[in-house]
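Position one of the sequence shown corresponds to residue 735 (our numbering), numbered consecutively onward.
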Amino acid sequence: MASLHVAVVGGGLVGITTALALGQQGYRVTLLDRQRPRVFTGALGLDIRNVALSPSSRSLLNEVGIWGGQAAAPYHRMCIWEQWGNSQVEFDAADAGRTELGWVVEMSALVCAGWNKLDVTDGVDAVIDDISRVTPTDDGVTVHLAEQAEQTFDFLVAADGAQSVVRESLKLEVAQHPMDQVAIATVVQTELPHQDTAWQRFLEDGPLAFLPSPVANLCSVVWSQSASSAQRRMSLSDDDFCTEIGHSLEHRLGQVTAVDARFSFPLIQQRATDCAPHGRVLLVGDAMRVVHPLAGLGVNLGLEDVQAILQVSAGPVDLSAPGLWRRYARQRQIRSEMMIRIMAMLHKVYTDPSPGMSLLRNVGVRSFNALDGLKRQVMREAMGLKRL
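Put into structure tokens, the structure is as follows:
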């Protein structure tokens, strides 16, 4: 069974982790992607695309040999408040018996570390090419490539993102939940240090998050908002954008003194109706589901998928055995649907501008902040240490 050949389509963080982890379990693995990643550094010295990783995710990355060497920024606190009212929620790692709630890491450096690990891992290799489609049969899964000859594998894991070619090839139905929002992502320099704290303020048209970096006065920003607001803010000069974003965070970190390039992208939540659509195919990560970035759950949910796969694949075993993935599919679908519904509910609650809802939010936040036991449980859920 150790000779079973597994294809992992998609070389992002979830895909490279899947490939290395299955290789460690004794499977022969081929990772397929259109290009090898490179480290990206913006004008302020950081990759604009950052990821907040939970302790559970860090443990998995450490096990497969990806973690280490990157400039990770631990955050010890989270501070969350809204535009209307004076109540806020604070999460402190010490209250959960931890030294940190998580780490913010530059995505490109982390993914490149995974590919470097692949280069020196026996039994795991890579194919660089565009994938046109996949064809699963009872005997294997054929991957059709743009430049090279087609290849057939015993099993395939699709980790090729929200626009998954694998998912489209199988004509899988996708349940979409439009958010009518656009996110702006960038890196900013602030007058005051970030204090190893993740700051998030719910504004009338969406949440604004400042995430700490290894540099005391640099923060990664994800700002969710209406399409019209995003269009206006993308057209602002750097100075005007700094003024507006600093005001929107109520100057918790003083003035915003510089901003890197700004990128915008539409926000949508979606879920494939079946994450194990064939006896030889699984979906993971964004190929399975996409959630709103407000809680930083996306990559962590994808790494949860990998952890769940490893519990089934330990052995090695015949990955195409009838019924082997039934429980995995059921549990991951329930988890995906729950997270999408929670994000949609939070979005709806916090974008309701009515005075009555604002009062209810503030009373609820104040009450929640006083319930240490519930806060501790929510923190452990967010850290991947305990499921709600």
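Yeah, the Cβ is synthetic: ideal placement off N, Cα and C, and Gly gets one too.
Here the structure is a predicted model, which means the values were calculated and not measured.
Please classify residue i as buried or exposed, where buried requires at least 16 neighbouring CB atoms within 10 angstroms.
{"i": "T991", "result": "exposed"}
{"i": "T833", "result": "exposed"}
{"i": "D873", "result": "exposed"}
{"i": "M1073", "result": "buried"}
{"i": "M1022", "result": "buried"}
{"i": "T1007", "result": "exposed"}
{"i": "A880", "result": "exposed"}
{"i": "R1014", "result": "buried"}
{"i": "P912", "result": "exposed"}
{"i": "V1079", "result": "The question names Val, but residue 1079 is Met in the sequence shown. Burial call: exposed."}
{"i": "P1011", "result": "buried"}
{"i": "Q989", "result": "exposed"}
{"i": "A723", "result": "Since the displayed the chain opens at 735 and closes at 1122, residue 723 lies outside it and no answer follows."}
{"i": "E816", "result": "buried"}
{"i": "S969", "result": "exposed"}
{"i": "L926", "result": "exposed"}
Could you tell me the alpha carbon to alpha carbon distance between residue i and residue j, rounded to whole angstroms?
{"i": "L942", "j": "A883", "result": "47 Å"}
{"i": "P946", "j": "P870", "result": "44 Å"}
{"i": "V1051", "j": "H739", "result": "12 Å"}
{"i": "R1064", "j": "G746", "result": "25 Å"}
{"i": "A1019", "j": "V858", "result": "The amino acid occupying residue 1019 in the given sequence is Gly; Ala does not appear at that position. Looking at the two C-alpha atoms, the distance is approximately 20 Å."}
{"i": "M735", "j": "A909", "result": "The pLDDT assigned to M735 is 48, lower than 50, so where the model puts this residue is not dependable; a value taken from the coordinates is nonetheless given after this. Spanning the two alpha carbons is a distance of roughly 36 Å."}
{"i": "L1058", "j": "T751", "result": "21 Å"}
{"i": "N796", "j": "A786", "result": "15 Å"}
{"i": "W933", "j": "Q1041", "result": "29 Å"}
{"i": "L1122", "j": "R1075", "result": "The predicted model places L1122 with a pLDDT of 49, which falls under 50 and marks its position as unreliable; any figure quoted below should be read in that light. Whole-angstrom Cα-Cα distance: 14 Å."}
{"i": "V921", "j": "V955", "result": "6 Å"}
{"i": "S737", "j": "R762", "result": "6 Å"}
{"i": "V868", "j": "P1027", "result": "30 Å"}
{"i": "E902", "j": "W818", "result": "43 Å"}
{"i": "D863", "j": "V743", "result": "11 Å"}
{"i": "R1060", "j": "D914", "result": "34 Å"}
{"i": "M1113", "j": "Q885", "result": "Residue confidence for M1113 is low, a pLDDT of 49 falling below 50, so the modelled location carries little weight and cannot support an answer."}
{"i": "V1025", "j": "Q1003", "result": "5 Å"}
{"i": "V1033", "j": "S790", "result": "12 Å"}
{"i": "I782", "j": "L852", "result": "25 Å"}
{"i": "G799", "j": "S971", "result": "42 Å"}
{"i": "N850", "j": "S842", "result": "12 Å"}
{"i": "D829", "j": "F944", "result": "22 Å"}
{"i": "V854", "j": "A847", "result": "11 Å"}
{"i": "K1109", "j": "R792", "result": "Model confidence at K1109 stands at a pLDDT of 46, short of 50, so the residue's coordinates are unreliable; what they give is reported in the following sentence. C-alpha separation (whole angstroms): 22 Å."}
{"i": "C976", "j": "A961", "result": "19 Å"}
{"i": "S1070", "j": "L1016", "result": "15 Å"}
Start and end of the alpha helix (DSSP H) containing residue i?
{"i": "P941", "result": "Counting along the chain, P941 falls outside any alpha helix (DSSP H), though it belongs to the beta strand (DSSP E) covering 940-946."}
{"i": "M968", "result": "961-968"}
{"i": "P870", "result": "P870 -> not in any alpha helix (DSSP H); beta strand (DSSP E) instead, spanning 865-870."}
{"i": "R792", "result": "789-798"}
{"i": "E824", "result": "Segment 822-826 is the beta strand (DSSP E) holding E824; no alpha helix (DSSP H) there."}
{"i": "V899", "result": "899-903"}
{"i": "H981", "result": "972-982"}
How about residue i: is its Cβ closer than 8 Å to a heavy atom in the ligand PLP?
{"i": "R901", "result": "Among the ligands in the structure shown, none appear at all, so the ligand PLP cannot be discussed."}
Tell me which residue opens and which closes the beta strand (DSSP E) that residue i is part of.
{"i": "G836", "result": "836-840"}
{"i": "E816", "result": "811-816"}
{"i": "L756", "result": "First-last for L756: 747-758, but that is the alpha helix (DSSP H), not the beta strand (DSSP E)."}
{"i": "Q885", "result": "885-887"}
{"i": "T924", "result": "908-924"}
{"i": "P1000", "result": "997-1006"}
{"i": "H739", "result": "739-743"}
{"i": "D859", "result": "858-862"}
{"i": "V990", "result": "990-993"}
{"i": "D829", "result": "It is not in any beta strand (DSSP E) - D829 carries neither H nor E in the DSSP assignment."}
{"i": "F936", "result": "931-937"}
{"i": "H985", "result": "It is not in any beta strand (DSSP E) - H985 carries neither H nor E in the DSSP assignment."}
{"i": "L879", "result": "875-879"}
{"i": "R768", "result": "Taken as a continuous stretch (DSSP letters only), R768 belongs to no beta strand (DSSP E), as it is neither H nor E."}
For residue i, which option in the options has the closest C-alpha, if you only look at C-alpha atoms?
{"i": "T931", "options": "G980, M812, G1036", "result": "M812"}
{"i": "A806", "options": "C953, V854, R1005", "result": "C953"}
{"i": "A896", "options": "T924, F887, L906, D888", "result": "L906"}
{"i": "A777", "options": "P912, M1077, A995, A1048", "result": "A995"}
{"i": "L987", "options": "L1001, H928, D939, H1012", "result": "H928"}
{"i": "T924", "options": "G836, I979, L904, L1037", "result": "I979"}
{"i": "S788", "options": "S971, A827, V743", "result": "A827"}
{"i": "S1047", "options": "W801, S998, G757, I800", "result": "G757"}
{"i": "I865", "options": "K851, D894, L852", "result": "D894"}
{"i": "M1077", "options": "A964, S958, V854", "result": "S958"}
{"i": "A964", "options": "N951, E938, G940, V916", "result": "V916"}
{"i": "Y1062", "options": "G940, C1009, G744", "result": "C1009"}
{"i": "Q1067", "options": "S1054, G749, L1035", "result": "L1035"}
{"i": "P1147", "options": "A830, R935, H981, G749", "result": "Lying outside 735 to 1122, the shown extent of the chain, residue 1147 is not represented and no answer is given."}
{"i": "E840", "options": "T764, A919, C846, N784", "result": "N784"}
{"i": "V845", "options": "G940, A753, F889", "result": "A753"}
Q: Enumerate, from N- to C-terminal direction, the unbroken alpha helix (DSSP H) stretches of 4 or more residues contained entirely within the region 1008-1078.
A: Qualifying alpha helix (DSSP H) stretches, in chain order: 1032-1047.
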